[in-house]
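If you're matching positions, the sequence shown starts at 7 in our numbering and goes up one per residue.
Even for Gly, the Cβ is constructed at its ideal location relative to N, Cα and C.
Computed from a predicted model, the values in this text were never measured in an experiment.
Structure first, commentary second.
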Amino acid sequence: MSTASRVHNFCAGPCTLPVSILEETRDELLDFDGIGMSLLEDSHRAPAYDAVHMAALADFRTLAGVPDDYAVLFLQGGATMQFCQIPMNLLADGETASYLNTGAWGKKALADARKVADVHEAWSGADEGFARMPSDDEFDIAEDSRYLHITTNETIGGIRLPGYPTVDLPMVADMSSDFLSRPIDWDRFDLVYGGVQKNLGPSGMAVVIVRRDLLGRSGRDLPSALDYAVQDANDSLANTPPMFPIWVMGKVLRWMIDAGGLGEFERRAAERAGLLYATIDDSDGWYRSPVDEASRSHMNIVFRLPDEDLEKRFVAEAADARMVNLKGHRSVGGIRASTYNALPLESVEALVGFMADFRAANA
Ligand SMILES: *Cc1c(COP(=O)(O)O)cnc(C)c1O
Numbered sequence: 007m008s009t010a011s012r013v014h015n016f017c018a019g020p021c022t023l024p025v026s027i028l029e030e031t032r033d034e035l036l037d038f039d040g041i042g043m044s045l046l047e048d049s050h051r052a053p054a055y056d057a058v059h060m061a062a063l064a065d066f067r068t069l070a071g072v073p074d075d076y077a078v079l080f081l082q083g084g085a086t087m088q089f090c091q092i093p094m095n096l097l098a099d100g101e102t103a104s105y106l107n108t109g110a111w112g113k114k115a116l117a118d119a120r121k122v123a124d125v126h127e128a129w130s131g132a133d134e135g136f137a138r139m140p141s142d143d144e145f146d147i148a149e150d151s152r153y154l155h156i157t158t159n160e161t162i163g164g165i166r167l168p169g170y171p172t173v174d175l176p177m178v179a180d181m182s183s184d185f186l187s188r189p190i191d192w193d194r195f196d197l198v199y200g201g202v203q204k205n206l207g208p209s210g211m212a213v214v215i216v217r218r219d220l221l222g223r224s225g226r227d228l229p230s231a232l233d234y235a236v237q238d239a240n241d242s243l244a245n246t247p248p249m250f251p252i253w254v255m256g257k258v259l260r261w262m263i264d265a266g267g268l269g270e271f272e273r274r275a276a277e278r279a280g281l282l283y284a285t286i287d288d289s290d291g292w293y294r295s296p297v298d299e300a301s302r303s304h305m306n307i308v309f310r311l312p313d314e315d316l317e318k319r320f321v322a323e324a325a326d327a328r329m330v331n332l333k334g335h336r337s338v339g340g341i342r343a344s345t346y347n348a349l350p351l352e353s354v355e356a357l358v359g360f361m362a363d364f365r366a367a368n369a
């Protein structure tokens, strides 16, 4: 089958995967490495899957530069499950943590944490329409907070923390929408997590990287499915793991290592986002970015047109030109182009070309 029918896909997640990986996955689907069946049909305890699983754990550690004293866990329930699982595992009865409410996801993380622990909102961008990230001196961190929870990139609002905050307590970060798109300073974090369906593979799981000496520290008698210590002791094979996303993510991790690692993906992201922001900024205000310049995301580029009717036509005509999933999130409207790790530069070049033509025809 030819790849000529493939579109430029700017979906916010799940999203584009490298074509070479889709082809390889297809080729292995009927017979994985001579076992006479696919990996999806074999036991998760069999040697074929075990090799794939252990390689993915090792490659994640290599690519992200995870230190030995952190556990890497492959967990079901997506990033959303982590909103409650983190406080359950890290906060003992009566302990607190502080949360930055920087947008749709920071707000959900805080709301779910509140259901299982007494946590504190250290900053809110709600009054400003979540159009910017705060600076470190604006945080109101509750005394005795065990950690500060941050969302490094707000997928819906299109803002990111340009650097990781400097605070004198450990941080916990939801990196779902900029996962492994830039290097991580591990010594600043007790825990980092993300759903893999934006930057790393298909949907169906989250990766959690947590300091091993924190496992079991909440003292809570957790159900086994929610206890990090149980999965760490079993290399994330305590129960049947999400084999398909792990298998494909393993290929993406290898592909990223071979392409040059996180520094290279940070450079590519800046290049893709830079092209889009330059097109917006050079349009005499016809295209408009609603977010603070210093907080502009390199993963989810949001912008507005002069009116909603033009925005509707922009999305429709872009789709006719084979550029899809550009409609902004239903809660904020406008246009959103998501430009994750696997999105080729050519897709962004096609989009900025379309933006110039659309403006010339409609301004
Ligand atoms: C997509 C996303 C989530 C939710 O991920 P699920 O895997 O669907 O639970 C959480 N946080 C951020 C920042 C996201 O972009």
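For the beta strand (DSSP E) holding residue 199, just list the boundary residues, first then last. 195–201
Quick one: using the 10 Å Cβ neighbour count with 16 as the cut-off for buried, is residue 368 buried or exposed? exposed
Taking residue 239 as the reference, give the member of 254, 77, 357, 192 with the closest Cα. 77
Terminal residues of the beta strand (DSSP E) in which residue 299 lies: No beta strand (DSSP E) holds residue 299; DSSP gives it neither H nor E.
What does DSSP give as the partner residue(s) for residue 79 in the beta ladder? Under DSSP, the beta-bridge partners assigned to residue 79 are 214.
Alpha-carbon to alpha-carbon, residue 188 and residue 49: Residue 49 and residue 188: Cα-Cα distance of roughly 35 Å.
Residues sharing a beta bridge with residue 308, DSSP: 342
Checking the sheet assignment: what are the DSSP bridge partners for residue 28? DSSP lists no partner for residue 28.
Would you kindly work out how many angstroms separate the C-alpha atoms of residue 150 and residue 104, rounded to a whole number? 9 Å
Hey, out of 198, 337, 320, 84, whose CA is closest to residue 364's CA? 320
For ligand 3, is there any heavy atom lying closer than 8 Å to the beta carbon of residue 249? As presented, the structure is devoid of ligand 3, carrying ligand 1 as its sole ligands.
Alpha-carbon to alpha-carbon, residue 79 and residue 237: Approximately 7 Å between the Cα atoms of the pair.
Straight-line gap, residue 157 to residue 350 (C-alpha atoms, nearest Å): 25 Å
Given residue 3, which residues of its chain have a CB within under 8 Å of its CB, disregarding the five upstream and five downstream residues? Residue 3 lies beyond the range of the chain shown here (7 to 369); nothing can be said about it.
With residue 102 as the anchor, note down where its beta strand (DSSP E) starts and where it stops. If you look at residue 102, you'll find it in the beta strand (DSSP E) that goes 102–107.
Reduced DSSP secondary structure (H/G/I, E/B, other) of residue 153: For residue 153, the secondary structure class from DSSP, reduced to helix, strand or coil, is strand.
First and last residue of the beta strand (DSSP E) that includes residue 177? 177–180 is the extent of the beta strand (DSSP E) around residue 177.
On the DSSP bridge list, what partners appear for residue 50? DSSP output for residue 50 lists no bridge partner at all.
Indicate whether residue 328 and residue 348 have their beta-carbon atoms separated by less than 9 Å. no
N- and C-terminal bounds of the alpha helix (DSSP H) containing residue 111: 110–122
Under the criterion of a Cβ to heavy atom distance below 8 Å, does residue 22 qualify as lining ligand 1? no
Starting from residue 372, trace the alpha helix (DSSP H) in both directions and tell me its first and last residue. Since the first residue of the chain shown is 7 and the last is 369, residue 372 is not available in this structure.
Between the beta-carbon of residue 16 and the beta-carbon of residue 353, is there less than 9 Å? When the beta-carbon positions are compared, residue 16 and residue 353 come within less than 9 Å of each other.
Rounded to the nearest angstrom, how far is the Cβ of residue 108 from that of residue 136, given a contact under 8 Å? 7 Å
Using the rule of at least 16 other Cβ atoms within 10 Å of the residue's Cβ for burial, across every protein chain shown, is residue 35 buried or exposed? exposed
Is any heavy atom of ligand 1 found at a distance shorter than 8 Å from the C-beta of residue 118? Taking non-hydrogen atoms of ligand 1 into account, the C-beta of residue 118 is found less than 8 Å away from none of them.
Return yes when at least one heavy atom of ligand 1 lies under 8 Å from the C-beta of residue 237, else no. no
Could you give the first and the last residue of the continuous alpha helix (DSSP H) run that contains residue 253? 249–265
Can you tell me which of the three DSSP states residue 292 falls into? Coil at residue 292, not helix or strand.
Would residue 212 and residue 81 qualify as a contact pair, given that the criterion is a beta-carbon distance under 9 Å? Their beta carbons are under 9 Å apart, which means residue 212 touches residue 81 by this criterion.
Buried or exposed by the 16-neighbour rule on C-beta atoms within 10 Å, applied to residue 191: exposed
Pairwise C-alpha distance: residue 198 and residue 181: 7 Å
Minimum C-alpha distance to residue 194 - residue among 65, 215, 183, 205: 215
If residue 358 sits next to residue 285, beta carbons under 8 Å apart, how far is it from one beta carbon to the other, in whole angstroms? 5 Å
Is residue 231 close to ligand 1? I mean its beta-carbon at under 8 Å from any heavy atom of the ligand. no
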